[in-house]
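First residue of the sequence shown: 47, per this note's numbering; consecutive thereafter. Glycine is no exception: its CB is placed at the ideal position from the N, C-alpha and C atoms. For reference, the structure discussed in these notes is given below.
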Amino acid sequence: MGNTSGRHLTKDGYNLGLKWQCVEFVKRYYYQHLNHKMPNSYGHAVDFFNTEIADGSINRDRNLLQYTNGSSSKPKVNDLIVFKGNMFNPYGHVAIVSRVEDSYVEIVQQNVGKQSRDQLGLKQVNGKWIIDETSVLGWLRKD
């Protein structure tokens, strides 16, 4: 893999993003471990989630199934959790699910300061799975 003008590129020219950013981490993981390339290889973390797409439908920019926070589909290991931006970080954040229990999901992430691994509360309400973190937009999954 090479670094061109601040972009981390694979040998075949696929753009992973800016090195050490959260987007680069999840795209590198999906590329190396799940053999997945996103059709739209650019954008910030918040751009991974399209709020116009119905729950459980394909997000064509990422070629991944997209689930809203509050979906009937429980998060799974290797899903990408997408966080919306805020006034301090308008770019959002994205992390990889590494473990799922009935009461929490464990995520691994890059470029968040001290904790590369964290747990987020998970609950089921009326058949809908909710990650108990208001900034979570939802999750993406390789089919």
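Would you be able to state if there are at least three C-beta pairs under 8 Å between the region 105 to 114 and the region 148 to 160?
no
Look up Val154 in the DSSP assignment and give the residues it is bridged to.
Ile142, Arg163
Name the residue from Gly52, Arg74, Lys57, Tyr137 whose alpha carbon lies nearest to the alpha carbon of Ala91.
Tyr137
Return yes when the Cβ of Trp175 is within less than 7 Å of the Cβ of Lys120, no when it is not.
yes
Per the DSSP calculation, Val171 is bridged to which residue(s)?
Lys174
Roughly how many angstroms separate the alpha carbons of Lys73 and Asn172, rounded to a whole number?
33 Å
Mind checking Tyr76: buried by the 16 CB within 10 Å criterion, or exposed?
buried
In three-state terms, what does DSSP make of Asn182?
In the sequence as displayed, the identity of residue 182 is Val instead of Asn. Residue state, collapsed to three classes: strand.
Determine the direct distance from the alpha carbon of Met133 to that of Val82, and round the result to whole angstroms.
Here residue 82 is His; the residue named in the question, Val, does not match the sequence. Between His82 and Met133, the C-alpha separation is close to 32 Å.
Residues bridged to Phe129 [DSSP beta-bridge criterion]
His139, Val182
Could you pull out every residue in the same chain whose Cβ sits closer than 8 Å to the Cβ of Pro85, ignoring the five residues on either side in sequence?
Arg106, Asp107, Arg108, Asn109
Are Val182 and Phe129 close, meaning C-beta to C-beta below 7 Å?
yes
Could you tell me which residues DSSP pairs with Gln112 in its beta bridges?
Ser103, Leu186
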